[in-house]
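Trainee:
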Amino acid sequence: MNTDTCIDLIVYLEPSAEFKQQVEHFLDSCKAKYGPTTANKYGCHITMTGFFNVSTEDDQMRVKQLLDASLQDIHEASTPQIERKSLLVRDRTTQRPIHLLLPLSVPADFHVAMENLSRKCASIATLRLKKINHISLAYWDEPEATQEQQEHWRLAITEQGLFENIQHDADEYFGDVNDSLYWDVVLYQRVQKGNLVGESHVFRELSRWRV
Numbered sequence: 765m766n767t768d769t770c771i772d773l774i775v776y777l778e779p780s781a782e783f784k785q786q787v788e789h790f791l792d793s794c795k796a797k798y799g800p801t802t803a804n805k806y807g808c809h810i811t812m813t814g815f816f817n818v819s820t821e822d823d824q825m826r827v828k829q830l831l832d833a834s835l836q837d838i839h840e841a842s843t844p845q846i847e848r849k850s851l852l853v854r855d856r857t858t859q860r861p862i863h864l865l866l867p868l869s870v871p872a873d874f875h876v877a878m879e880n881l882s883r884k885c886a887s888i889a890t891l892r893l894k895k896i897n898h899i900s901l902a903y904w905d906e907p908e909a910t911q912e913q914q915e916h917w918r919l920a921i922t923e924q925g926l927f928e929n930i931q932h933d934a935d936e937y938f939g940d941v942n943d944s945l946y947w948d949v950v951l952y953q954r955v956q957k958g959n960l961v962g963e964s965h966v967f968r969e970l971s972r973w974r975v
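Here you go:
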């Protein structure tokens, strides 16, 4: 398959517009205060799949149809729940902080729907199913970063308490945020990849389902 002509797709679970805007306001304020993390590339999202490629617009439409069919059973499920207190994940070996997130719990029906989609899509795309269990607030996955940028990040987390500072801000901020009133599953195409540190990916919404 020629990767130059691949269509880059991803499936997100998204909270209500109001909640999403509040998360993105927090991410923007942290970027201004502390500098960018990889969470800024994506904005507010919960990944249901990783990125996956299809080779034609017909395949893209087929994914949309299969996702629509797979989501039909979710409408009777209970609502996802977001924890207001953030969780700081540490590396098991070094104990250094590596990921700040808001924990999320979803009904089993959401996982079943994605497993069904993965099975039905097997002939046109390989899906990497995600745990659907968090909103990222800060982490670092920047293979294109310069050596200077990598060193700046290392110092920020080991000597300047970057993660702990963002966690303090997050717990203060999200304690006053109201629950998400509804949830959507969204199929996106990534039309531009943000390779540089602080450069956002650009997405085009293909379809949205209220669940």
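Counting in the numbering used here, the final residue of the sequence shown is number 975, and the numbers go up one at a time with none missing.
We treat Cβ as the ideally placed atom computed from N, Cα and C, and that holds for glycine.
1. In the structure shown, what three-state DSSP assignment does E778 receive?
2. Please say whether V950 and S971 have beta carbons closer to each other than 9 Å?
3. How many Å lie between N977 and G939 at the Cα?
4. Is the CB-CB distance between S780 and P844 below 9 Å?
5. Which class does N817 belong to by DSSP, given the choice of helix, strand or coil?
6. For the beta strand (DSSP E) containing H863, list its first residue and its last residue.
7. For N804, collect the residues of the same chain with a Cβ closer than 6 Å to its Cβ; drop the 5 residues on either side in sequence, then sort them by chain order.
8. Using three-state DSSP, classify Y1001 as helix, strand or coil.
9. Note the first and the last residue of the continuous beta strand (DSSP E) segment covering Q956.
10. Taking Cβ to Cβ, would you say A886 is nearer than 9 Å to N817?
11. Please say whether H916 and P867 have beta carbons closer to each other than 9 Å?
12. Quick one: Cα of F815 to Cα of H863, how far?
13. Given a threshold of 16 other Cβ atoms within 10 Å of its Cβ, counted over all protein chains shown, does A833 qualify as buried or as exposed?
14. Mark E908 as exposed unless 16 or more other C-beta atoms lie within 10 angstroms of its C-beta, in which case mark it buried.
15. Just tell me which of V775, L851, K895 and L893 has its CA closest to the CA of F927.
16. Name the DSSP bridge partner or partners of A902?
17. What span of residues does the alpha helix (DSSP H) with R892 cover, start to end?
18. Between which two residues does the beta strand (DSSP E) carrying V966 extend?
19. Taking the alpha-carbon positions, what's the I896 to V775 distance?
20. Excluding sequence positions up to five away, which residues of its chain have a Cβ less than 6 Å from the Cβ of R848?
21. Put A773 into one of helix, strand or coil per three-state DSSP.
22. By how many angstroms is the C-alpha of L865 removed from the C-alpha of A902?
Mentor: According to the structure shown:
1. In the sequence shown, the residue the question calls residue 778 occupies position 14. If DSSP states are grouped into helix, strand and coil, E778 belongs with the strands.
2. In the sequence shown, residue 971 corresponds to position 207, counting from 1. In the sequence shown, residue 950 corresponds to position 186, counting from 1. Closer than 9 Å, so yes.
3. No statement about residue 977 is possible, as the shown extent of the chain runs from 765 to 975 and does not include it.
4. Looking up residue 780 in the sequence shown gives position 16. Looking up residue 844 in the sequence shown gives position 80. No; because the gap between Cβ atoms is not below 9 Å, this pair is not in contact.
5. Residue 817 sits at position 53 when you count from the first residue of the sequence shown. N817 sits in a strand when the DSSP states are folded into three classes.
6. Taking the sequence shown and counting its residues from 1, one reaches residue 863 at position 99. Run containing H863: P861 to S869, per the beta strand (DSSP E) assignment.
7. Walking along the sequence shown from the start, residue 804 turns up at place 40. The answer, listed in chain order, is L791 and K795.
8. Because the chain in this structure spans residues 765 to 975, residue 1001 falls outside the shown range and cannot be described.
9. Here residue 956 refers to the residue found at position 192 when the sequence shown is read from its first residue. Q956 -> beta strand (DSSP E) spans W947 to Q956.
10. As a working note, residue 886 is residue 122 in the sequence shown. As a working note, residue 817 is residue 53 in the sequence shown. No. Outside cutoff.
11. Locating residue 867 in the sequence shown gives position 103, counting from the first residue. Locating residue 916 in the sequence shown gives position 152, counting from the first residue. Contact flag unset, no.
12. Position 51 of the sequence shown, counted from the first residue, corresponds to residue 815. Position 99 of the sequence shown, counted from the first residue, corresponds to residue 863. About 20 Å.
13. Mapped onto the sequence shown, residue 833 falls at position 69. Exposed, by the Cβ-count rule.
14. In the sequence shown, the residue the question calls residue 908 occupies position 144. Its Cβ having fewer than 16 others within 10 Å, E908 is exposed.
15. By 1-based counting over the sequence shown, the position of residue 927 is 163. F927 has its Cα closest to that of L851, out of V775, L851, K895 and L893.
16. If you number the sequence shown from 1, residue 902 lands on position 138. Per DSSP, the beta-bridge partners of A902 are L864.
17. Counting from one through the sequence shown, the residue named residue 892 turns up at place 128. R892 -> no alpha helix (DSSP H), and no H or E assigned at all.
18. Here the question's residue 966 lines up with position 202 in the sequence shown. For V966, the enclosing beta strand (DSSP E) starts and ends at V966 to R974.
19. Indexing the sequence shown from 1 puts residue 896 at position 132. Indexing the sequence shown from 1 puts residue 775 at position 11. Each residue's alpha carbon lies about 11 Å from the other.
20. Position 84 of the sequence shown, counting from 1, holds the residue named residue 848. Taken in chain order, the residues that qualify are F938 and G939.
21. Sequence index remark: in the sequence shown, residue 773 carries index 9 (1-based). The question names Ala, but residue 773 is Leu in the sequence shown. Reduced to three states, the DSSP call for L773 is strand.
22. Locating residue 902 in the sequence shown gives position 138, where the first residue counts as 1. Locating residue 865 in the sequence shown gives position 101, where the first residue counts as 1. Their backbone Cα atoms lie some 7 Å apart in a straight line.
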